[in-house]
Amino acid sequence: MRMVRKATVGSVAALLLIGLSACGGAGSGSSALDPNADLSQQKLTVSIWAAYYPEDIAAKFEEKFGTKVTITNHATNEEVMAKLTAGGDSGIDVAFVSGQFAQALAAQGLLENLDKSLIPNSSNLIKEAEQLSYDPGAKYSLPYAWGTTGICYRSDLMKGDEPTSWNDLLTPKAKYKGKVTMLATERWLMLPAQKALGYSANTQDEAEMAKVKDLLIKAKANLLAYDDTTFYERLVSGEAVMVESWDGWCNYGTAKNKNIKFVVPSEGSDLWADTMVVLKTSKNKEAAHAFLNYIYDADVHSWVVDNILYKVPNTAAMAKSLPALVGDFPNMGISPNELLQQEGLVDLGKASSLYTRIATEVTAK
Amino acid sequence: MAQVLVRAERDAVKRRALLARTIFLLPGLSYITIFMLIPLGFIFFYTFLTRGTYGGVEYIFTLENYTRALDSLYIQILIESILIAASATLLALLIGFPAAYAITKLSSNWQNIFLLLIVLPFWTNFLIRTYAWIVLLNTQGFLNKGLINIGVIDQPLELLYKPGAVILGLLYAYLPLMILPIYSALVRIDPAMREAAINLGASPAQAFRQVTLPLALPGVLVGSIFVFVPSVGNFIVPELLGGGKTVMVGNLIRDQFLKARDWPFGSVLAICMVVMLLLLFFIQARVNKSVLGEKNG
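Chains V and C, in that order, give the protein sequences.
Under the working numbering, the residues of the first sequence are numbered 1 to 365, in order.
Under the working numbering, the residues of the second sequence are numbered 366 to 662, in order.
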């Protein structure tokens, strides 16, 4: 009798499981989006970094499709991640996050697979950018902007010593000591030492990271500061002569002083991307796809190139904006192929504790 | 009969007083409960959980987060934070006490003007005021350029991005919080007490040391706590004026939540801070009590 009951319970459980997984399977596929949905009946909430988008984007989109758009700003990836992973519906339909964070969201099953038929402008996506390491095939994310990290320097103050290697930054000549800054955000704090030692920017090997730590502690003695936000100003004032910098940010310095130049060190660097994702919890998925499609319009997407001085993986937008800019800002001309030679940053999962611990040890020494 | 009535009346008055007290306390109490005690409870609960790979927590109970906090790396950061905050507090006291004392000696109009001047900086955003120090002190800044121009130095001084710059930033930020409580303790001292001491043969220095100073001590303690507590948890000043090269407990806690996605460990560090500060308040209350007790006895 007991045996029978057990068996019954077991089979019911099994049936339930099969049923659940069937539902799950149906849900995770392209959950039938209606190409003819009335977008004016939908509402969008978009979370994006402040000052990273045309200010009138919500109004323009509403004018075109009748969809009411609310833009919320986040200051960091971590901030929006906290909202998106808190469980339940965050109320956010479209989020802008860096590639490795999109990967983390996808790993938790929080992202909708994109239906490219609803994003016809995605044909503008540069072919090379379809295979970024955090999302090969651009299945659940569409990159908004991309670039790399290198050394931004004053060519007039470093004549004859123009940096070409991460070692020039980590162990500068005596006369440049105390006139160097490095980025403070962990992944980029590690990057120069990782690349100088010939390691992956995504390494999780503890022995390698111990060597990275030693090199970074040595480098700290020569640093003016760790700086994520004002490093290009320091180049303009002459307080610093070379700084670790994202490509786009170096352009802000170049805009004020033509002697400020950018170089990708010979050991290689990272390939970063900020990307757009649609949340699975969104009840306005058609409008969300339409929003991504709208961004990929050359006229809209080129705003990022013209105003933020970031490269975008959009053939038409780059063709439209690049010719006028590349003369003043040579790093805008770094080709997709050159970018793809750099190493894509991927999520570290559990190893992010290791990185934080080493960052603390380095900065507290 | 009359006695019963009187008692009933007295009880009614008591009840009304109690009711009034409850009503007046209710907004404050509910505010503290909802926005402080309950969130603090959550944080305490989180300290026993396991870190979720992508942030948040997993409901696997452990004490490991506490043992991790005992690592020499974190202890060292805690000690350095305490030293930096204590230095800022001591300097604030050395500058703040004479300033507060001098203000009490002014006419009441001038007292008001000076008190206004002391709180005036609070009308500007803290971040901007801290950035201003960078503009003043950097190697290409006003101070260095000025000193070079008048020939005092020929190489710019490296003033920023050291623990000293962090202490300066904290001192600047919280000095008013030292001056105000000391001032309010000093103005409350009855001038007759000092006069009595002098009449009884004390020299002015003795009167200051034996009358004014002990009576001002509660203000000194409150001011010290007001400066020390926000200093030890500050993470903006170490980042800006310390150039990210000095790590304080505040930075450490922020990094656990925002960078490492390690909420349980961040919670442990936060709880440690709370316990440490409660201890400090306890000591302050004890000292306060013994000082005031002596005066009464």
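For each residue, glycine too, the CB sits at the ideal point set by N, CA and C.
Secondary structure of A385 (chain C), DSSP reduced to three states: Reduced to three states, the DSSP call for A385 (chain C) is helix.
Whole alpha helix (DSSP H) elements within the segment 82–106 of chain V, 4-residue minimum: As far as the segment 82–106 of chain V is concerned, it has no whole alpha helix (DSSP H) run of at least 4 residues.
Below-8 angstroms beta-carbon distance, Y226 (chain V) vs any chain C residue: Yes, Y226 (chain V) counts as interfacial toward chain C.
Under 7 angstroms by beta carbon: chain V residues contacting T668 (chain C): Because chain C spans 366 through 662 in this model, residue 668 (chain C) falls outside it and cannot be assessed.
Alpha helix (DSSP H) runs contained entirely in the segment 123–204 of chain V, provided each spans 4 or more residues: Listed in chain order, the complete alpha helix (DSSP H) runs (minimum 4 residues) inside the segment 123–204 of chain V are 166–170 and 186–196.
Whether L448 (chain C) touches T360 (chain V) by CB criterion (8 angstroms): The answer is no: Cβ separation not under 8 angstroms.
Option in V:Y294, V:S352, V:W272 and V:F231 with minimal Cα separation from A240 (chain V): Checked all of V:Y294, V:S352, V:W272 and V:F231; the closest Cα to A240 (chain V) is V:F231.
Distance, L481 (chain C) Cα to N474 (chain C) Cα: The alpha-carbon atoms of N474 (chain C) and L481 (chain C) are separated by roughly 11 angstroms.
Proximity of V278 (chain V) and V69 (chain V) at Cβ, strictly below 8 angstroms: Cβ atoms of V278 (chain V) and V69 (chain V): not closer than 8 angstroms.
Alpha-carbon spacing of A382 (chain C) relative to N653 (chain C), whole angstroms: Those two C-alpha atoms are separated by around 29 angstroms.
Y424 (chain C) at chain V interface by Cβ criterion, 8 angstroms: No - not a single Cβ of chain V is within 8 angstroms of the one on Y424 (chain C).
Beta carbon of S200 (chain V) nearer than 8 angstroms to that of E343 (chain V): Taking 8 angstroms as the cut-off, the Cβ atoms of S200 (chain V) and E343 (chain V) count as close.
Nearest-angstrom Cβ-Cβ length linking L39 (chain V) and A287 (chain V), presumed shorter than 8 angstroms: Right, the Cβ-Cβ distance comes to about 5 angstroms (below 8 angstroms), so this counts as a contact.
Selection of the segment 501–513 of chain C by Cβ proximity to chain V, strictly under 7 angstroms: Taking 7 angstroms as the Cβ-Cβ cut-off against chain V, the residues of the segment 501–513 of chain C that qualify are N503, T504 and Q505.
Contact with chain V by L443 (chain C), beta-carbon distance below 8 angstroms: Chain V, which has no Cβ nearer than 8 angstroms to the Cβ of L443 (chain C), makes this no.
Interface residues of the segment 516–534 of chain C facing chain V [CB-CB below 7 angstroms]: Listed in sequence order: E523 and Y526.
Exposure label - N121 (chain V); buried when at least 16 CB within 10 Å: Residue burial annotation: N121 (chain V) is buried, with at least 16 other C-beta atoms found within 10 angstroms of its C-beta.
Cβ of T356 (chain V) within 8 angstroms of any chain C Cβ: Put simply, the CB of T356 (chain V) is near chain C, with a gap under 8 angstroms to one of its CB atoms.
Cβ pair Y355 (chain V), L348 (chain V) closer than 8 angstroms: Between Y355 (chain V) and L348 (chain V), the C-beta gap is smaller than 8 angstroms, which places the two residues in contact.
Element boundaries [beta strand (DSSP E), containing K261 (chain V)]: Unbroken beta strand (DSSP E) run through K261 (chain V): I260 to V263.
Under 8 angstroms between C-beta atoms of L309 (chain V) and G253 (chain V): With respect to the 8 angstroms criterion, L309 (chain V) and G253 (chain V) are not classified as neighbours on the basis of their beta carbons.
Integer Cβ distance of R154 (chain V) from I260 (chain V), believed to fall under 8 angstroms: In this structure R154 (chain V) is in contact with I260 (chain V), their Cβ atoms being roughly 6 angstroms apart against a cut-off of 8 angstroms.
Best match in V:K175, V:L340 and V:T171 for proximity to P192 (chain V) [C-alpha to C-alpha]: Here the closest residue by C-alpha is V:T171.
Span separating the alpha-carbon of A221 (chain V) from that of D627 (chain C): Their Cα atoms are separated by approximately 29 angstroms.
Span of the beta strand (DSSP E), counted from its first residue to its last, around S400 (chain V): Since the displayed chain V opens at 1 and closes at 365, residue 400 (chain V) lies outside it and no answer follows.
Residues near Q505 (chain C) in its chain [Cβ-Cβ closer than 8 angstroms; skip 5 each side]: Closer than 8 angstroms at the Cβ level, and outside the excluded window around Q505 (chain C), lie P521.
V371 (chain C) classed as buried or exposed, judged by whether at least 16 other C-beta atoms fall within 10 angstroms: By the neighbour-count rule (16 or more Cβ atoms within 10 Å), V371 (chain C) is not buried but exposed.
Proximal chain C residues relative to A174 (chain V), where beta-carbon distance stays under 8 angstroms: Going along chain C, no residue has its Cβ under 8 angstroms from A174 (chain V), so there is no contact; the nearest lies around 14 angstroms.
Proximity test, Cβ basis, 8 angstroms: M209 (chain V) and chain C: No, M209 (chain V) does not count as interfacial toward chain C.
Buried versus exposed, by CB contacts within 10 Å (16 or more), A22 (chain V): At A22 (chain V), the pLDDT of 40 sits below 50, so the modelled position is not reliable; the number obtained from the coordinates is stated separately. Only exposed fits A22 (chain V), as fewer than 16 other CB atoms lie within 10 angstroms of its CB.
Those runs of the alpha helix (DSSP H) which lie wholly inside the segment 396–436 of chain C and span at least 4 residues: Annotation note: the segment 396–436 of chain C contains the following uninterrupted alpha helix (DSSP H) runs of length 4 or greater, listed N- to C-terminal: 403–411 and 429–434.
For T70 (chain V), the residue or residues it bridges with in DSSP: Paired residues: V:T45.
Beta-carbon proximity check, P313 (chain V) vs I126 (chain V), cutoff 8 angstroms: Against a cut-off of 8 angstroms, the Cβ pair of I126 (chain V) and P313 (chain V) comes out as a contact.
Reduced DSSP secondary structure (H/G/I, E/B, other) of M276 (chain V): Three-state DSSP puts M276 (chain V) in a strand.
Minimum Cβ-Cβ distance from V639 (chain C) to chain V less than 8 angstroms: It does not: the Cβ of V639 (chain C) has no partner Cβ on chain V nearer than 8 angstroms.
Spatial distance of L645 (chain C) from N599 (chain C) (CA atoms): Near 17 angstroms, if we compare the C-alpha coordinates of N599 (chain C) and L645 (chain C).
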